[in-house]
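Q: Here you go, one structure.
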Amino acid sequence: MMENFKSYLSRGIDKASLIEGILQTPEHGWMKEDSCTFAHMQDFFERIPSKVLKKVFVDEHTILVPASGKYACAVRSHHQYVVLVFSEVLQKLSKYNDGWAKAVLAHELGHIFLDHHKVNEDIMESQVDADAFACDMGYLEELESFLHDQPESVEKRVRLSFLTTYYFSQEN
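Start counting the sequence shown at 445; every next residue gets the next number (this note's numbering).
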């Protein structure tokens, strides 16, 4: 399926067709099972720039799949990425107000787009870089809400400090 999608894209298509191709991927069938989830995922993909969608979903063969666990994580197998979308995110996506769900997904796409699997950098730096990516996609407030919901930790404080700095740097 992914090879058909890649050859389809090689003909040069617009962003709407790219999003349609992502949504039609069999592994993404769960996105169409609920009208709220479908609307949220369509909005999510529309907010992501075409070059990011192409790199993440076409070049890196990324799929998003429901899984058991907490929030979401991106894992790399031999030839693709899998973003595991856990129940808390799925539940939020199925509601009218999705809260921080798309911010968490944007953060995970950030890890993929920024090639964190290839770079041997500090884990905290990778987290902050992925947060910056999510903020660049317009999810600063939602990401802040997500972090405030997390247990106290050094990571939480560092990431919230970054968000504050990011916010004030955008005001100029």
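Here a beta-carbon is modelled for each residue, glycine too, at the ideal position from N, C-alpha and C.
Which one of SER570, HIS551, VAL527 has the shortest CA to CA distance from TYR583?
A: Ranking SER570, HIS551, VAL527 by Cα distance to TYR583 puts HIS551 first.
Q: Alpha carbon to alpha carbon, what distance is there between GLN571 and THR608?
A: The alpha-carbon atoms of THR608 and GLN571 are separated by roughly 15 Å.
Q: Assuming PHE530 is part of the beta strand (DSSP E), what are its boundary residues?
A: Counting along the chain, the beta strand (DSSP E) containing PHE530 begins and ends at 525-530.
Q: To which residues of the same chain is MET485 closer than 6 Å at the C-beta, ignoring the five residues directly before and after it?
A: Taken in chain order, the residues that qualify are MET475.
Q: What separation, rounded to the nearest whole angstrom, lies between the Cα atoms of SER479 and TYR540?
A: Approximately 10 Å between the Cα atoms of the pair.
Q: Just to confirm the assignment: which complete beta strand (DSSP E) runs, minimum length 3, are found wholly within the segment 554-603?
A: Fully enclosed beta strand (DSSP E) runs of 3 or longer: not present.
Q: Just curious, the beta strand (DSSP E) that ILE492 is in, first and last residue?
A: Neither: ILE492 is in no beta strand (DSSP E) and is coded neither H nor E.
Q: ILE457 by DSSP, collapsed to three states: which one?
A: In the structure shown, ILE457 sits in coil (DSSP, three-state: anything other than H, G, I, E or B).
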